[in-house]
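To get my numbering, take the position in the sequence shown, counting from 1, and add 1.
For glycine and all other residues, C-beta sits at the position ideal for the given N, C-alpha and C.
One structure is given below, encoded as structure tokens.
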Amino acid sequence: MSAGADGGGGAVAAERARPGGSPEDGFVPSALGTREHWDAVYERELQTFQEYGDTGEIWFGEESMNRLIRWMQKHKIPLDSSVLDIGTGNGVFLVELAKFGFSNITGIDYSPSAIQLSGSILKKEGLSNIKLKVEDFLNPSPELSGFHICIDKGTFDAISLNPDNAVEKRRQYVTSLSEVLKIKGFFLITSCNWTKEELLTEFSEGFELFEELPTPKFSFGGRCGNSVAALVFQKTGTSLEKR
Ligand SMILES: C[S@@+](CC[C@H](N)C(=O)[O-])C[C@H]1O[C@@H](n2cnc3c(N)ncnc32)[C@H](O)[C@@H]1O
């Protein structure tokens, strides 16, 4: 499951539902699209962290975090901007954001064990002012709103593998994103399953491409495959948000 994408770390690599099929066909459903899978992953990682202090997998590797931070630096994103990490996993990116100086950071994940693990890691790092919450992004609570920046590293990929109507889940994701992000706010997505063009289609309603971030190609099992796509979208004034 874990391909060495983007210079290290894992990837939610997936198979197309039909070889050569269109994005609407999506991917072959997988356990990677279920909460049970992620609960089991983070329960294991929590135990490993408690026993050995190992924080676990950084999805897409260190460079995927540096790339996002460099973008925020380049665009002089104010350090008091509200930042939401969607599907934060072990929360290691939250640590990087805080070390860079961001002071209004929230991490959410639908897996309680992921949130427990991120809480333990943040505590060990002495970071007490980061908000952490168990939230299903496909059904966000009303308090989750007004963010300047939303980050997704591998979460949309995981949601796209949901065995229970992934097409609808992807639509719901876009609606949730519109709800939680401010108009003109930025959405930074890193994906190993979707190409730039496909992501442009997925997020065409209410978002426009602001910038594509350069990413390396990766090879796995002797085959040179897709590069990871890293895109920055900006929310337009004409989106689907309800609040
Ligand atoms: C591939 S992992 C990436 C974790 C983290 N973003 C990183 O870069 O290390 C996908 C994450 O998305 C979370 N996730 C999947 N579906 C979700 C949903 N509907 N709401 C919130 N989190 C979700 C999983 O629990 C998991 O932590």
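Look up residue i in the DSSP assignment and give the residues it is bridged to.
i: Arg17; result: Phe28
i: Lys170; result: Looking at the DSSP assignment, Lys170 forms no beta bridge with any residue, so it has no partner.
i: Val233; result: Leu189, Glu212
i: Ile150; result: Val84, Phe187
i: Val175; result: DSSP output for Val175 lists no bridge partner at all.
i: Ser228; result: Lys218
i: Leu133; result: Gly108
Sorted by chain position, which residues of the same chain lie with C-beta nearer than 6 Å to residue i's C-beta, five sequence neighbours on each side aside?
i: Phe101; result: Ile70
i: Glu97; result: Met66
i: Glu37; result: none
i: Thr116; result: According to the sequence displayed, residue 116 carries Ile and not Thr. Around Ile116: Asp110, Leu133, Val135.
i: Asp40; result: Ser112, Ser114
i: Lys125; result: none
Over the uninterrupted alpha helix (DSSP H) stretch that includes residue i, give me the two end residues.
i: His38; result: 36–53
i: Lys100; result: 93–101
i: Lys125; result: 113–125
i: Leu69; result: 63–75
i: Leu128; result: That residue, Leu128, is in no alpha helix (DSSP H); it is neither H nor E in DSSP.
i: Thr196; result: Looking at the DSSP string, Thr196 is not in any alpha helix (DSSP H), and its letter there is neither H nor E.
Count the other CB atoms within 10 Å of the CB of residue i; is the residue buried (16 or more) or exposed (fewer)?
i: Ala1; result: Nothing can be reported for residue 1: it is not among the residues displayed for the chain, which extend from 2 to 244.
i: Tyr111; result: buried
i: Leu182; result: buried
i: Lys236; result: buried
i: Ile53; result: The residue asked about is misnamed: residue 53 is Tyr in this sequence, not Ile. Tyr53 is exposed by the Cβ-count criterion.
i: Glu198; result: exposed
i: Glu213; result: exposed
The beta strand (DSSP E) with residue i in it runs from where to where?
i: Thr191; result: 182–192
i: Thr107; result: 105–110
i: Leu1; result: There is no way to answer for residue 1, as the model of the chain reaches only from 2 to 244.
Spatial neighbours of residue i within its chain, please: CB distance less than 7 Å, with the 5 preceding and 5 following residues excluded, ordered by chain position.
i: Leu210; result: Leu201, Leu232, Phe234
i: Glu136; result: Ile109, Tyr111, Ser142, Leu145
i: Leu178; result: Cys151, Phe188
i: Phe157; result: Tyr174, Ile190, Ser192
i: Arg68; result: Leu214, Ala231
i: Phe204; result: Val175, Phe234
Can residue i and residue j be called in contact, C-beta distance under 9 Å?
i: Glu44; j: Ser114; result: yes
i: Gly57; j: Glu46; result: yes
i: Ser82; j: Phe103; result: yes
i: Asp86; j: Lys154; result: yes
i: Gly127; j: Ile184; result: no
i: Thr191; j: Ala230; result: yes
i: Asn140; j: Pro30; result: no
i: Gly88; j: Phe138; result: yes
i: Ile131; j: Leu95; result: yes
i: Val93; j: Thr107; result: no
i: Ile59; j: Asn105; result: no
By Cβ distance, which residues of its chain are closer than 8 Å to residue i, with the 5 residues on each side in sequence left out?
i: Ser161; result: Ala15, Gly27, Phe28, Gly34, Ala167, Lys170, Arg171, Asn194, Trp195
i: Ser121; result: Leu47, Phe50, Gln51
i: Gly186; result: Phe148, His149, Ile150, Cys151, Gln235, Lys236
i: Ser129; result: Leu123
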